[in-house]
Structures are given as C-alpha cells and as structure tokens.
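Asks: Could you have a look at this structure, given as structure tokens, before my questions?
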Amino acid sequence: MAARVILKTSAVRRTLLALSLPSRTPGPPAAAVGLRCLHHAAPGEKKTVVLESAEEYKFVERLIPSTRVPSPPKHAGPTPSGWTPPSDSPPTLSYMIRRSRMHNIPVYTEMTNGNRRTTLVRKVEGDIWALEKDVKQYLMEVTGKELPTRVNEVTMTLRVKGHFEDELKEWLVRKGF
C-alpha cells in the first residue's frame, strides 16, 4: 500500500512537472496524460473568473492584526493601571532611556540561580556611565549602601544587584523618561 502511494505521488509529481516545464516532444504534455489546464481548456468550456471587490475588503482588514502598536492616548497623570505617560519633552541629560515597544519603561528584574535577583535597565542611549553614576547615587539614598552594578556598553544595558525594579521605574518617571 505504501509503495503504491509513493508511486502515485511520484507519478503525479512527474505529471505536474511536465505541465509546468516546456516539453521536448511536440504537442502539449498535458494531452499525453489526459489532464487539461485552464489555458488548454476546450473553447466551449466555461472558465473560472475571479472578481476583486474593494468594497468588501474592509471586512478583511478588520481581521488582519496591526503591524505596530498605536501611540498611547494623552493622560495628565498615571492611569488606573499604573502606567505613566512619558513627558512631553525629554530631559536634558547626557543619556536617554527609550520606552519599550508597548510604551513601558524598560526596567526588568531577572532571577538567576534560584534566588539571585538583579535589576536590568535596557534601551540606554548616550553616556551609560553617567546613568550608572546617577543610579548608584539614587540607590545609595534609598538603601544606605553602595550596590554593585555592571555596565554592558555593547548591549547598552545596566545591571544592578538586587530587586529595585519599582524604585528605578518611579525614579525614571520623575526624571522625565
């Protein structure tokens, strides 16, 4: 049974190949196997016609997902969900932190080795060392001790030892990012 299926599919494949490639033998190759393509149809047969309706396409467009996230609506302060819009003008600092694709502040907490937590600040542009200095100074005021940080200039990220996601997000919002 399986050999028969393989033979049939290879025969169909050969037939379709013969239909699509120009033949070296005279006459249409489709006539040799008993198949008839649309362009080889008999003159009396009705051909299939495809109509394009721009009027009905608006219903299809509703089903296609959006390729980009729309810009957020204007808010005076934080929304009920806790999201805060960026300020109208960026702060005049030597570094800039861009919002994520969903308009959130790119500060994340990572957990490694079971319970080691680090806070990651992404999407940094400009002088990342000035950002590290400001973050260390702010966290010194909050915790009372100097926390170890790691700067990655290639990926433009700043990693702080400890769980300070909420504190850094609030601090960045107050700065105007």
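In this note's numbering, the protein residues as written are 307 to 483. We treat Cβ as the ideally placed atom computed from N, Cα and C, and that holds for glycine.
Straight-line CA distance for Glu459 to Thr424?
Replies: Roughly 18 Å separates the two Cα atoms.
Asks: Which residues does DSSP list as the beta-bridge partners of Ile403?
Replies: Its beta-bridge partners are Val430.
Asks: Quick one: grab the DSSP three-state call for Glu476.
Replies: Three-state result, Glu476: helix.
Asks: Are the CB atoms of Thr449 and Arg465 within a distance shorter than 8 Å?
Replies: The answer is no: Cβ separation not under 8 Å.
Asks: Should Ile370 go down as buried or exposed, given a rule of 16 or more other Cβ atoms within 10 Å for buried?
Replies: The residue is exposed, with fewer than 16 neighbouring Cβ atoms inside 10 Å.
Asks: Measuring alpha carbon to alpha carbon, tell me which residue in Met462, Trp389, His469 and Gly350 is nearest Met417.
Replies: The shortest Cα separation from Met417 among Met462, Trp389, His469 and Gly350 belongs to His469.
Asks: Mind checking who Leu464 pairs with in its DSSP beta bridge?
Replies: Val427 and Val457, per the DSSP bridge assignment.
Asks: Do you know offhand how far Tyr401's Cα is from Asp433's?
Replies: One C-alpha to the other measures close to 5 Å.
Asks: DSSP three-state label for Val489, please.
Replies: Outside the displayed range of the chain (307 to 483) lies residue 489, so it cannot be described from this structure.
Asks: Using C-beta distances below 7 Å, list every residue in its chain close to Leu437, excluding the 5 sequence neighbours before and after it, in chain order.
Replies: Result list for Leu437: Tyr401, Val430 and Leu464, in chain order.
Asks: Classify Trp389 as buried or exposed, calling it buried when 16 or more other Cβ atoms lie within 10 Å of its own Cβ.
Replies: Label assigned to Trp389: exposed.
Asks: Return the chain-ordered list of same chain residues with a C-beta closer than 8 Å to the C-beta of Pro396, the five sequence neighbours on each side being excluded.
Replies: Closer than 8 Å at Cβ, skipping near neighbours: Met402, Gly482 and Phe483.
Asks: Please state whether DSSP places Thr354 in a helix, a strand or coil.
Replies: Thr354: coil per DSSP, three-state reduction.
Asks: List the whole-angstrom C-beta distance separating Lys442 from Leu453, where the pair is believed to meet the contact cut-off of C-beta under 8 Å.
Replies: Rounded, the Cβ-Cβ distance is 7 Å, consistent with contact.
Asks: Taking only three categories from DSSP, how would you classify Thr484?
Replies: Nothing can be reported for residue 484, as the shown portion of the chain is limited to 307 through 483.
Asks: Sorted by chain position, which residues of the same chain lie with C-beta nearer than 7 Å to Val366's C-beta, five sequence neighbours on each side aside?
Replies: Excluding residues within five positions, none has a Cβ falling inside 7 Å.
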